[in-house]
Amino acid sequence: MAKHGGWAGKVLRVDLSTGKISTEDTLEKYRDYLGGTGIGYKVIWDEVQAGVKSFDPANKIVYGVGPLAGTGAPCNGRTAITTLWPTCWPKALVASGHMGGQFAAELKYAGYDAIIIEGRADRPVWLSVWDEKVEIKDARQLWGQGIRRTTIEINQQMGPEASVAAIGQAGENLAPMSVVMNSYSHSAGGVGGVMGSKNLKAIGVRGTGSVRIAGNKEEWEKLIKLHLSLLGANNQHVVPSNPQPWAEHYNAGSRWMASAGRRWGAANPSIDTGACEPHNLNRIAYRTNNAAYFLGDKAWQHTVRGNGCTACPIRCHTMLKVPAVSAKYGIPELGQNTCVGLLFGRAFFKSFPDGPKGQTAIEACMVGMYLADDLGVWDNYGQLQRDFQALYYNGIFKRKVAEKEFNSYSWNKYEQGDPTFLFELLPRIANKEGELATALGLGTGHLLERWGIPEQEWLENHDLLYWKLGHPKHHSNEDAGQCGVIINTQYNRDAQCHSHSNFTRNGLPIEVQKRLAAELWGSPDAVDAVAAFTPMNAHKAKMAKWSLLRKELHDCLSLCNWMGPWVASPLKEREYRGDDSIESLLYSLATGDKKSRQELDTIAERIFLLHRALTIRDMGAKDMRTKHDTIPDWVFTDPKDKAAFSKGTIRMDKEDIKLAMDMFYEEMAWDKETGSPTKATYRRLGLGTVADELAKRGLLP
Amino acid sequence: MERQEEVRANILNIIRDRSESGRLISAEEILTELKRRGLLTSEEIKPKTHLETALKQALQENRDVKEILAPNGVCYYYSVRRLSETYAGILVLKSENPLWLIAEVVRENSKRYPRPVPVAGFMESPFDLTLEAILECLRVMGEDKEYQDIAQTITSVGKTFLYSSRHLDPDYASMLAEWLDVGQADNP
Ligand code: SF4
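Here the protein sequences line up with chains A and B, keeping their order.
All residue numbers for the first sequence refer to the working numbering, where the first residue is -5 and numbers rise by one.
All residue numbers for the second sequence refer to the working numbering, where the first residue is 152 and numbers rise by one.
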């Protein structure tokens, strides 16, 4: 490479114990790891010893972005934050959280590909990164403030262009169930307490530079247009939710909600989302309305617009205006978020007086967003709320919490679906007030241990969706049968992988999905229709490997895996094909380092392998198959006791899943017996020294 | 341009314009539109065969233009550049009997994707049926042996979906309805 493009070129390192601020050359040190989680895993492997705990000063936090952050590539606003995960139970292991918003781009414009935070400040501080001027600033006046106030205060100092990633009271108080958040609604869960343990309240970033595109500018423009043309709506749903004149297919379960007559009713003047014909790239932002998707038709009248990350036309954070909440709850009438963030408040309640999609449910969402996104409470992909319901309705709270404390909550309000209950609960979680709230703030695994509840009870309960290590499933068998199960065995928190579910939920007919699957993974049998699963085959293992590697690749390049990969599209003339090479095309043109799809996937495999090695090292175990890659019992059950592989069930078969894991390990060239990567695999992927280190510890198969 | 070619080009424009607005057009309507736009000479106005030949040729020469036969025997025309075959199919069914419209849409979805269809979907564009009309259709269907395959399933949050038992069995249909209505949103 002559002069590189894409990367900013420097990694910023800040030691909060000593106050030392330094930089290092990104490409010299991290080129083989691209960026994002790649830099994160590398730093943790090289610099954080096994046995370090999440809140120890010796733990580090790596805010990593990739070569595509801050470019014009669609959906590039993701920052990967890697650290030892405090909700990972029974011991902290490496994991990453991902926030969208504007932080990633701003960091690049300031000249950095990552920030490594180490040590612990002796008083509350915040980090100001303004191009090359980096300062550790006193945050005593911010300590105790919520995320919104903190963000505003720092923006007043750094200017409105600065992006501020801040923690709330939950993080300050070292509640493991806490987030860091930028741009008011873009959070990374699990990281808040780690920042709090370092006395780091926030990072404000302002950059006045730009990201260089190494390749031909016209080709780049053309590529961006191609990529935009392949986008569907959020989660890469490529068909609209109801019939449109241009559309051959439609699916009531699609997030492509736009349609003539469906209006953003709270915009001024209100806006008709219209037909959104896919070739009209200027209307992509009208396709998705996650509030209407999750909360029903009523949400249209409250919709102001979509909000989202840098360079992403999807705008999946729907902004709602609900005037009634000001008078009723004393909170602002505007709120915005997506998915579990949007549903944060609603999800605590079993029912509402006017039904699951009525006005009260919307108000519960508004209250939930207002509180959680200011206090910085995390919900662990909805596990907090599922746990809460189970613990209350099974009488466990009553048994575990002192009577006086238990009675201090208005349980009648809770049972009636009154959103004001959230004002009692969420601040207490953030401030660790009382046993109930403190236990909830620990995360599922630590809560169960604290209250002497066997994890097995959670592993057997289908409704709780709990998977392992204190975390829930994230797109498992319900989405993609064995492929989803395999993916959910691999990480140390919920898997956060959407490569497979974005494909299976894209809304195309099964015969089209099978045709595309044959091109991508070698056989139409790689995918099944939902709840009509067939026994395991090698192509499903290929799909699982591909899904994991693309997730890791996106996390390193700063592409949004809540959108990609883009292997299906809304385009009939392409027979609904997307482009499996879009990542490598973007990478090559942006950086000037020409890499084929396969070459880039190999780098992603190296990075994924390093994550595996870290997990093995820190667990001190090589038998990953039985100690780590575990599957909860509920996966093998069905509410109607329907047999696995019969139509209408997502139940899996134990023997078949054993075979699935065999095939996956084979596909990865890992040892089948232990599920540990072999020395040869480490060497093939350029991780020979990692293999040597593991060999010294007796951790190679 | 030869006169014949000119007529064909005008016909194509009319079909494509109509498709652009999300609607089909019949031969008769094309003729009316040609007249309205003043695009036919007085000799060309009368002979019906003249238009039919031009239309046929336009269809052969332009792969985007399609013909669809409505159950009442009338042929409609549209351009797939602007209007999909699926949508055209819905429009011709809509021009007929709502019973048929609902049943065919439900059968097609059950067979092809496969998935059940929410009843409320028929109240939206392009179906635009009222709830009363839909309920009446379902009542009549229940008594008509032609529609005995059209069945209902209700999700845990009370939303009714329709499916065809020719293509989905009841457990499978109810699982898929739950997935569409509740499961996907609960597993975002
Ligand atoms: S899809 Fe949503 S989360 Fe992903 S980049 Fe776009 S706005 Fe951000």
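Every residue, glycine too, gets a C-beta built ideally from N, C-alpha and C.
Bridge partner(s) assigned by DSSP for residue i
{"i": "A:Val46", "result": "Note: A:Val46 sits in no beta bridge, so no partner."}
{"i": "A:Gly183", "result": "A:Val173"}
{"i": "A:Arg134", "result": "Its beta-bridge partners do not exist; DSSP assigns none."}
{"i": "A:Leu121", "result": "A:Ile130, A:Ile197"}
{"i": "A:Ile110", "result": "A:Arg7, A:Val56"}
{"i": "A:His221", "result": "BP columns for A:His221 are empty, so no partner."}
{"i": "B:Met326", "result": "Bridge partners of B:Met326: none, in fact."}
{"i": "B:Glu218", "result": "B:Tyr228"}
{"i": "A:Pro448", "result": "None, per the DSSP bridge assignment."}
{"i": "A:His92", "result": "A:Ala74"}
{"i": "A:Arg571", "result": "A:Ala562"}
{"i": "A:Val371", "result": "A:Ser172"}
{"i": "B:Ser315", "result": "B:Ile301"}
{"i": "A:Thr145", "result": "Looking at the DSSP assignment, A:Thr145 forms no beta bridge with any residue, so it has no partner."}
{"i": "A:Arg257", "result": "A:Asp266"}
{"i": "A:Thr643", "result": "A:Ala526"}
{"i": "A:Trp250", "result": "A:Pro234, A:Thr282"}
Proximal chain B residues relative to residue i, where beta-carbon distance stays under 8 Å
{"i": "A:Tyr287", "result": "Ala336"}
{"i": "A:Thr297", "result": "None at all; the shortest Cβ gap to chain B is about 17 Å."}
{"i": "A:Lys636", "result": "Asp322"}
{"i": "A:His469", "result": "Asn338"}
Delimiting residues of the beta strand (DSSP E) encompassing residue i
{"i": "A:Val199", "result": "194 to 200"}
{"i": "A:Gln230", "result": "No beta strand (DSSP E) holds A:Gln230; DSSP gives it neither H nor E."}
{"i": "A:Ala159", "result": "157 to 161"}
{"i": "A:Ala241", "result": "Neither: A:Ala241 is in no beta strand (DSSP E) and is coded neither H nor E."}
{"i": "A:Thr17", "result": "15 to 19"}
{"i": "B:Lys186", "result": "That residue, B:Lys186, is in no beta strand (DSSP E); its alpha helix (DSSP H) goes 178 to 187."}
Residue range of the alpha helix (DSSP H) that includes residue i
{"i": "A:Trp39", "result": "30 to 41"}
{"i": "A:Tyr386", "result": "377 to 387"}
{"i": "A:Leu78", "result": "Note, A:Leu78: premise wrong, no alpha helix (DSSP H); beta strand (DSSP E) at 73 to 78."}
{"i": "A:Trp515", "result": "504 to 515"}
{"i": "A:Val479", "result": "471 to 482"}
{"i": "A:Lys589", "result": "No alpha helix (DSSP H) holds A:Lys589; DSSP gives it neither H nor E."}
{"i": "A:Tyr485", "result": "Run containing A:Tyr485: none; DSSP gives neither H nor E here."}
{"i": "A:His494", "result": "493 to 498"}
Cβ-Cβ separation, residue j to residue i (assumed contact under 8 Å), whole Å
{"i": "B:Met274", "j": "B:Ile285", "result": "7 Å"}
{"i": "A:Tyr581", "j": "A:Leu225", "result": "Contact flag wrong, Cβ pair sits at about 18 Å."}
{"i": "A:Asn555", "j": "A:His465", "result": "That belief does not hold up - the Cβ atoms of A:Asn555 and A:His465 are roughly 17 Å apart, past 8 Å."}
{"i": "A:His231", "j": "A:Asn500", "result": "6 Å"}
{"i": "A:Ala89", "j": "A:Asn486", "result": "5 Å"}
{"i": "B:Leu175", "j": "B:Ser261", "result": "In fact, because the Cβ distance is near 25 Å, the residues do not count as touching under 8 Å."}
{"i": "A:Pro237", "j": "B:Tyr314", "result": "Not quite, the Cβ-Cβ distance comes to about 18 Å (not below 8 Å), so this is no contact."}
Within chain B, partners of residue i - CB distance below 9 Å
{"i": "A:Trp664", "result": "Per Cβ cutoff of 9 Å: no residues; A:Trp664 is ~28 Å from chain B at best."}
{"i": "A:Ile504", "result": "Arg263, Tyr264, Pro265"}
{"i": "A:Ala254", "result": "Gly173, Ser276"}
{"i": "A:Thr312", "result": "Going along chain B, no residue has its Cβ under 9 Å from A:Thr312, so there is no contact; the nearest lies around 13 Å."}
Contacts of residue i in chain A (Cβ-Cβ under 9 Å)
{"i": "B:Ser177", "result": "The premise fails here: B:Ser177 is roughly 18 Å from chain A at the closest Cβ pair, so nothing lies under 9 Å."}
{"i": "B:Arg233", "result": "Pro239, Trp240, Glu271"}
{"i": "B:Val308", "result": "Gly349, Pro350, Lys351"}
Neighbouring residues, chain A, relative to residue i (Cβ below 7 Å)
{"i": "B:Thr304", "result": "Simply none; closest approach about 11 Å."}
{"i": "B:Ile241", "result": "Pro237"}
{"i": "B:Leu327", "result": "Val524, Ala525"}
{"i": "B:Leu331", "result": "Ala246, Gly247"}
{"i": "B:Pro269", "result": "Ala246"}
{"i": "B:Gly272", "result": "Asn236, Ala246"}
Residue i Cβ short of 7 Å to the ligand GTP heavy atom set
{"i": "A:Thr332", "result": "Ligands displayed in this structure: the ligand SF4; the ligand GTP is not among them."}
Listed by chain order, chain B residues near residue i by CB distance under 7 Å
{"i": "A:Asn274", "result": "Within chain B, no residue comes near A:Asn274; the closest Cβ sits about 12 Å away, beyond 7 Å."}
{"i": "A:Cys333", "result": "Pro339"}
Chain-ordered neighbours of residue i on chain A, where CB pairs are closer than 8 Å
{"i": "B:Thr237", "result": "Pro237, Ala241, Glu242, His243, Tyr244"}
Practice task
Could you pull out every unbroken beta strand (DSSP E) segment of at least 3 residues lying fully inside the segment 244 to 312 of chain B, listed in chain order?
Solution key: 301 to 305
Handout entry: Ordered list of beta strand (DSSP E) runs contained in the segment 261 to 349 of chain A, each at least 3 residues
Key = 297 to 301, 311 to 315, 328 to 331
Problem - Any alpha helix (DSSP H) of 4 or more consecutive residues that is wholly inside the segment 651 to 688 of chain A - result: 673 to 678
Practice task
Please specify which runs of the beta strand (DSSP E), each continuous and at least 3 residues long, are wholly inside the segment 525 to 568 of chain A, giving them in chain order.
Solution key: none
Handout entry: Continuous alpha helix (DSSP H) assignments of at least 4 residues falling wholly in the segment 407 to 469 of chain A
Key = 415 to 425, 428 to 434, 438 to 444, 449 to 454
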